[in-house]
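Asker: Below is a structure I'd like to ask you about.
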Amino acid sequence: MRKLFVMRYIRWPYLFHCRNSFVAAADCGIVEYIVMTLFRRVFSRRVLFQWMRDFHFFLDCARIGKLRCRKCSRHNEAISAHCSMQFAAGMETKASFLLPFPSKYITIDKRYKFSERPNSTSLFMDYPLSESKYTRKWCYGRKSYLSASRSSSCLVMAAGRTIPDVVLLTIFKYLHPVDLVNGASYVSKRWNLLSKTPSLYRHVRVLVNKQSVNYESAKEFLQRVRSHVGRLCLVYEQGVFADVLPDSMPNVTTLDIGFFPEIADAAEKLITCFPSIETLNMEDVKNVDAAVVRRLFCEGSFRRLRRLCFRPEGDLPDTFIPLLSTSNRLLEVLSAKADHTNMSSLLNTPISLSLTHLYLTGFMENEAFATIGQLKNLTTFSLFSCLYTFDDHILELKQLSKLEHLHLCCSGQDCDISPDGLVELFRLPSKNPSNFFPFRLKYLCFMDCYSFNLEVVTELSKSCPGLESLCVAHDEFMDEEAFSMLITNFRKLRFLDISGLGEMKCGALRHLADDELPELRFLSLHDTKVEEKMLRTLNLKRPELFVTTRPGFFINWSLQDGKVHFNDKFDGDINAVLNDLAETDGFCCMRPVVVDSF
Numbered sequence: 015m016r017k018l019f020v021m022r023y024i025r026w027p028y029l030f031h032c033r034n035s036f037v038a039a040a041d042c043g044i045v046e047y048i049v050m051t052l053f054r055r056v057f058s059r060r061v062l063f064q065w066m067r068d069f070h071f072f073l074d075c076a077r078i079g080k081l082r083c084r085k086c087s088r089h090n091e092a093i094s095a096h097c098s099m100q101f102a103a104g105m106e107t108k109a110s111f112l113l114p115f116p117s118k119y120i121t122i123d124k125r126y127k128f129s130e131r132p133n134s135t136s137l138f139m140d141y142p143l144s145e146s147k148y149t150r151k152w153c154y155g156r157k158s159y160l161s162a163s164r165s166s167s168c169l170v171m172a173a174g175r176t177i178p179d180v181v182l183l184t185i186f187k188y189l190h191p192v193d194l195v196n197g198a199s200y201v202s203k204r205w206n207l208l209s210k211t212p213s214l215y216r217h218v219r220v221l222v223n224k225q226s227v228n229y230e231s232a233k234e235f236l237q238r239v240r241s242h243v244g245r246l247c248l249v250y251e252q253g254v255f256a257d258v259l260p261d262s263m264p265n266v267t268t269l270d271i272g273f274f275p276e277i278a279d280a281a282e283k284l285i286t287c288f289p290s291i292e293t294l295n296m297e298d299v300k301n302v303d304a305a306v307v308r309r310l311f312c313e314g315s316f317r318r319l320r321r322l323c324f325r326p327e328g329d330l331p332d333t334f335i336p337l338l339s340t341s342n343r344l345l346e347v348l349s350a351k352a353d354h355t356n357m358s359s360l361l362n363t364p365i366s367l368s369l370t371h372l373y374l375t376g377f378m379e380n381e382a383f384a385t386i387g388q389l390k391n392l393t394t395f396s397l398f399s400c401l402y403t404f405d406d407h408i409l410e411l412k413q414l415s416k417l418e419h420l421h422l423c424c425s426g427q428d429c430d431i432s433p434d435g436l437v438e439l440f441r442l443p444s445k446n447p448s449n450f451f452p453f454r455l456k457y458l459c460f461m462d463c464y465s466f467n468l469e470v471v472t473e474l475s476k477s478c479p480g481l482e483s484l485c486v487a488h489d490e491f492m493d494e495e496a497f498s499m500l501i502t503n504f505r506k507l508r509f510l511d512i513s514g515l516g517e518m519k520c521g522a523l524r525h526l527a528d529d530e531l532p533e534l535r536f537l538s539l540h541d542t543k544v545e546e547k548m549l550r551t552l553n554l555k556r557p558e559l560f561v562t563t564r565p566g567f568f569i570n571w572s573l574q575d576g577k578v579h580f581n582d583k584f585d586g587d588i589n590a591v592l593n594d595l596a597e598t599d600g601f602c603c604m605r606p607v608v609v610d611s612f
């Protein structure tokens with residue numbers, strides 16, 4: 015009752031914010047709110063309360079994985095109470111073992127979520143799958159977790175006949191597809207049938223493996239939901255390729271087919287099947303040549319395309335950028351390989367005005383910096399790497415007055431940018447400073463740069479005191495004095511990566527005052543000489559700070575008999591931590607936490 019009355023005051027936007035989480039929806043009282051709001055004029059309050067009690071009975075069983083057995087005859091209330099107490103006891107025990115992280119990171123959550131961030135990678139990288147016999151392994155910047163088998167029990171599983179179809183379908187709309195398939199569908203035949211309603215599946219990931227191909231389950235599922243899916247991710251098992259797509263999926267606006275094995279054979283089908291694509295992720299696709307590029311990006315294909323990630327395995331055909339430039343697509347986000355790319359073809363095209371985010375990997379010709387400097391509406395520019403780049407090339411970026419994100423990997427000793435060149439890059443002119451970079455700069459990654467020293471930090475602090483994210487990893491010639499200035503002057507920093515700073519011990523962190531870095535939420539110090547004991551003391555003082563000192567690890571501790579015991583490994587859901595951090599502007603500047611390399 016108390017939860018129910020509290021939920022009457024929750025606004026609808028919060029309801030939609032929680033629709034992707036089955037457990038969160040029920041824990042927060044969302045289920046009660048939905049039912050009471052939509053059906054209070056049709057059914058009595060007594061009936062509604064009975065339905066909610068029955069629904070929570072199934073939820074309690076779902077939490078501990080007791081969904082399959084329907085043979086025992088124990089009373090529903092006793093089982094529900096038993097399951098609730100067992101779950102609560104387990105959570106209370108675990109809650110003190112992963113401090114300072116919230117309890118939601120204690121267990122592995124496999125509910126994937128399509129990201130809205132422009133630099134989003136393939137869903138397979140953010141939420142990896144594993145076919146390995148091992149429970150966990152490193153994979154693409156996230157950890158992979160092998161699906162655990164569902165345990166069986168003789169707990170009673172009533173059929174939930176008291177809850178009408180219309181109420182169940184209303185609740186099911188707010189459940190994640192993972193919970194519909196692995197949870198609700200196991201309760202009873204009736205729930206299984208309702209959970210297959212096509213309109214419930216709008217954002218889905220489909221695994222195409224030998225089993226789903228042999229039984230045609232993937233093909234049948236996509237055929238059934240073809241008119242309702244808005245965002246689709248296809249994950250193909252290695253060595254498996256089959257045409258599982260229906261003739262058309264007209265409402266799909268986001269398509270993620272990263273790591274697609276046979277793009278050459280599927281190009282025509284992709285064009286005809288997805289006429290409404292706005293976001294297309296084709297990261298690390300295979301068998302791409304000039305002919306495939308011409309078919310995929312001809313004038314009549316993907317006319318609504320606004321965001322494109324196209325980084326095929328191997329070299330990118332040099333016809334890619336010119337072909338994009340001749341089309342009428344108003345691309346806003348482009349992520350591609352820079353190798354052998356004719357960037358000059360972007361000039362004087364519609365894309366040169368519409369493009370706001372540009373992510374390039376690989377080696378870019380120095381002459382292309384002049385072209386980048388003419389893309390006046392860029393707010394984000396990322397390049398890995400600046401090989402043999404000189405001052406006059408990097409200074410072309412001064413014309414990008416709207417630039418807020420800058421990511422540059424300077425390739426260490428192979429980069430020819432001088433300290434004077436960097437000082438000039440970060441210096442604002444006294445006349446009309448708003449017309450030049452770095453007037454709007456908030457997020458900076460300038461890593462592996464041997465010229466990033468005290469003079470550069472001094473100039474940067476003058477021009478960009480409001481910097482919110484900074485990565486200076488492997489800038490090995492930045493001394494203790496420069497680091498102290500960084501700590502003192504950048505008070506709004508939320509994300510800081512100082513990994514790989516050679517012999518530096520970052521002494522300024524030892525006596526960090528309360529008014530220094532007051533908003534810092536993430537600190538990365540991989541491969542440093544900084545004492546972990548000092549970092550643990552800092553983390554205890556600032557428990558809202560997430561500190562990572564080595565790949566796949568955050569400093570965390572447990573409370574045992576009122577005493578703090580630091581853990582040697584991170585046993586929580588590190589994927590969930592990283593994905594939540596990635597949704598905040600600025601975390602894109604940080605180096606990977608799980609894989610210690612780009």
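Count along the sequence shown from 1, add 14, and you get the number used in this note's numbering.
Quick reminder that beta carbons are idealized off the backbone N, C-alpha and C, glycines included.
Would Thr268 and Thr293 qualify as a contact pair, given that the criterion is a beta-carbon distance under 9 angstroms?
Answerer: Along the sequence shown, one-based indexing puts residue 268 at 254. Along the sequence shown, one-based indexing puts residue 293 at 279. For Thr268 and Thr293, yes; Cβs fall inside 9 angstroms.
Asker: Can you name, in chain order, every residue of its own chain whose Cβ lies under 8 angstroms from the Cβ of Ser368, other than the five neighbours on each side?
Answerer: Looking up residue 368 in the sequence shown gives position 354. Counting only Cβ-Cβ distances below 8 angstroms, and skipping sequence neighbours, we find Leu344, Leu345, Glu346 and Asn391.
Asker: Would you report the Cα separation of Ile588 and Ser444, rounded to the nearest angstrom?
Answerer: Here the question's residue 588 lines up with position 574 in the sequence shown. Here the question's residue 444 lines up with position 430 in the sequence shown. The straight-line gap from Cα to Cα measures roughly 46 angstroms.
Asker: Classify Asn553 as buried or exposed, calling it buried when 16 or more other Cβ atoms lie within 10 Å of its own Cβ.
Answerer: Residue mapping note: residue 553 aligns to position 539 of the sequence shown, counting from 1. Buried, because 16 or more other Cβ atoms sit within 10 Å of the Cβ of Asn553.
Asker: Starting from the C-beta of Leu112, find all residues in its chain whose C-beta is less than 6 angstroms away, skip the five residues before and the five after it, and write them out in chain order.
Answerer: Mapped onto the sequence shown, residue 112 falls at position 98. Here the set comprises Ile120, Asn570 and Gly586.
Asker: May I ask you to report which of helix, strand or coil DSSP gives Val218?
Answerer: As a position in the sequence shown, residue 218 is number 204, starting the count at 1. Of the three classes helix, strand and coil, the one that applies to Val218 here is strand, per DSSP.
Asker: Using only CA atoms, which one of Cys312, Leu330 and Arg317 lies nearest to Asp303?
Answerer: For the purposes of this step, residue 303 is taken as residue 289 along the sequence shown, with counting starting at 1. Checked all of Cys312, Leu330 and Arg317; the closest Cα to Asp303 is Leu330.
Asker: Kindly list the residues whose CB is nearer than 7 angstroms to the CB of Leu319, restricted to its own chain and excluding five residues on each side of it in sequence; keep chain order.
Answerer: By 1-based counting over the sequence shown, the position of residue 319 is 305. Correct list, in chain order: Ile291, Glu292, Leu294, Arg343 and Leu345.
Asker: Closest by CA to Asn399, which one among Val220, His190, Thr375 and Phe509?
Answerer: Taking the first residue of the sequence shown as position 1, residue 399 is located at position 385. At residue 399 the sequence reads Ser, which differs from the Asn that was named. For Ser399, the nearest C-alpha among the options comes from Thr375.
Asker: Which runs of the beta strand (DSSP E) at least 3 residues long sit entirely within the stretch 475–525? Give them in chain order.
Answerer: List check, beta strand (DSSP E) in window: 483–485 and 509–511.
Asker: Please name the residue in Leu348, Cys312, Met492 and Ala280 whose C-alpha comes closest to that of Val471.
Answerer: One-based indexing of the sequence shown puts residue 471 at position 457. The residue with the shortest Cα to Cα distance from Val471 is Met492.
Asker: My output table needs one value for Cys463: the three-state DSSP class, helix, strand or coil.
Answerer: Taking the first residue of the sequence shown as position 1, residue 463 is located at position 449. It is coil, neither helix nor strand.
Asker: Just curious, the alpha helix (DSSP H) that Glu234 is in, first and last residue?
Answerer: By 1-based counting over the sequence shown, the position of residue 234 is 220. Element bounds for Glu234: Ser231 to Val239.
Asker: In or out: His190 buried (at least 16 other Cβ within 10 Å) or exposed?
Answerer: As a working note, residue 190 is residue 176 in the sequence shown. Buried, by the Cβ-count rule.
Asker: On the criterion of 16 or more Cβ atoms from any shown chain inside 10 Å, does Ser448 qualify as buried, or is it exposed?
Answerer: Within the sequence shown, residue 448 is the residue found at index 434, counting from 1. Exposed, since its Cβ has fewer than 16 Cβ neighbours within 10 Å.
Asker: In chain order, what residues of the same chain have a beta carbon less than 7 angstroms from the beta carbon of Asn593, not counting five sequence neighbours either side?
Answerer: The residue given as residue 593 occupies position 579 in the sequence shown. Contacts found: Asp140.
Asker: With distance defined between alpha-carbon atoms, name the residue in Leu208, Arg219 and Pro178 nearest to Val192.
Answerer: The sequence position of residue 192 within the sequence shown is 178, counting from 1. Of Leu208, Arg219 and Pro178, the residue nearest in Cα terms is Arg219.
Asker: Buried or exposed: His89, going by 16 or more other Cβ atoms within 10 Å of its Cβ?
Answerer: Locating residue 89 in the sequence shown gives position 75, where the first residue counts as 1. Legend: pLDDT at His89 = 39, less than 50; position of this residue unreliable, no value from coordinates given.
Asker: Got a sec, what are the start and stop residues for the alpha helix (DSSP H) Thr184 sits in?
Answerer: Looking up residue 184 in the sequence shown gives position 170. Unbroken alpha helix (DSSP H) run through Thr184: Asp179 to Phe186.
Asker: Classify Asp406: buried if its beta carbon has 16 or more other beta carbons within 10 angstroms, exposed otherwise.
Answerer: Here residue 406 refers to the residue found at position 392 when the sequence shown is read from its first residue. Classification for Asp406: exposed.
Asker: Pull up the CB-CB distance for Leu422 and Leu397, whole angstroms please, since I reckon it's below 8 angstroms.
Answerer: For the purposes of this step, residue 422 is identified with residue 408 of the sequence shown, where counting begins at 1. For the purposes of this step, residue 397 is identified with residue 383 of the sequence shown, where counting begins at 1. Correct: roughly 6 angstroms between the Cβ atoms.
Asker: Among Asp528, Phe466 and Phe567, whose alpha-carbon lies nearest the alpha-carbon of Asp541?
Answerer: Locating residue 541 in the sequence shown gives position 527, counting from the first residue. Checking every option, the nearest Cα to that of Asp541 belongs to Phe567.
Asker: Inspect the CB distances between the stretch 415–432 and the stretch 574–585 and report whether three or more fall short of 8 angstroms.
Answerer: Contact between the stretch 415–432 and the stretch 574–585 is absent, because fewer than three Cβ pairs lie under 8 angstroms.
Asker: Can you give me the C-alpha to C-alpha distance between Phe580 and Arg556, rounded to a whole angstrom?
Answerer: Numbered from its first residue, the sequence shown carries residue 580 at position 566. Numbered from its first residue, the sequence shown carries residue 556 at position 542. Computed Cα separation, rounded: 15 angstroms.
Asker: Under 9 angstroms between the Cβ atoms of Cys602 and Arg131?
Answerer: On the sequence shown, residue 602 is found 588 positions in, with the first residue counted as 1. On the sequence shown, residue 131 is found 117 positions in, with the first residue counted as 1. It is a contact, given that the beta carbons lie within the stated cut-off.
Asker: Label Arg325 either buried or exposed according to how many other C-beta atoms from any shown protein chain fall within 10 Å of its C-beta, with 16 as the threshold for buried.
Answerer: Looking up residue 325 in the sequence shown gives position 311. Buried, by the Cβ-count rule.
Asker: Straight-line CA distance for Leu420 to Val222?
Answerer: As a working mapping, residue 420 is identified with position 406 in the sequence shown. As a working mapping, residue 222 is identified with position 208 in the sequence shown. When rounded, the distance between both Cα atoms is 37 angstroms.
Asker: Nearest-angstrom Cα distance between Ala596 and Tyr373?
Answerer: On the sequence shown, position 582 is the one that residue 596 refers to. On the sequence shown, position 359 is the one that residue 373 refers to. Cα to Cα, Ala596 sits roughly 16 angstroms from Tyr373.
Asker: Between the C-alpha atoms of Met617 and Phe288, what's the straight-line distance to the nearest angstrom?
Answerer: Nothing can be reported for residue 617: it is not among the residues displayed for the chain, which extend from 15 to 612.
Asker: Which same chain residues, not among the five before or five after Arg441, have their C-beta less than 6 angstroms away from its C-beta?
Answerer: Against the sequence shown, residue 441 aligns to sequence position 427. If we look at Arg441 and ignore the five residues flanking it on each side, its Cβ neighbours are Glu473.
Asker: Anyone know if the C-beta pair for Cys459 and Asp511 falls short of 9 angstroms?
Answerer: As a working mapping, residue 459 is identified with position 445 in the sequence shown. As a working mapping, residue 511 is identified with position 497 in the sequence shown. Yes, the pair counts as a contact, with Cβ atoms nearer than the cut-off.
Asker: So if DSSP puts Leu137 in a beta bridge, which residue, or which two residues, is it bridged to?
Answerer: For the purposes of this step, residue 137 is identified with residue 123 of the sequence shown, where counting begins at 1. Bridge partners of Leu137: none, in fact.
Asker: Just the Cα atoms here: how many angstroms apart are Glu106 and Glu251?
Answerer: As a first step, residue 106 is located in the sequence shown; it is residue number 92 there, counting from the start. As a first step, residue 251 is located in the sequence shown; it is residue number 237 there, counting from the start. Reliability fails at Glu106, whose pLDDT of 48 lies under 50, so the model's placement of it is uncertain and no value is given.
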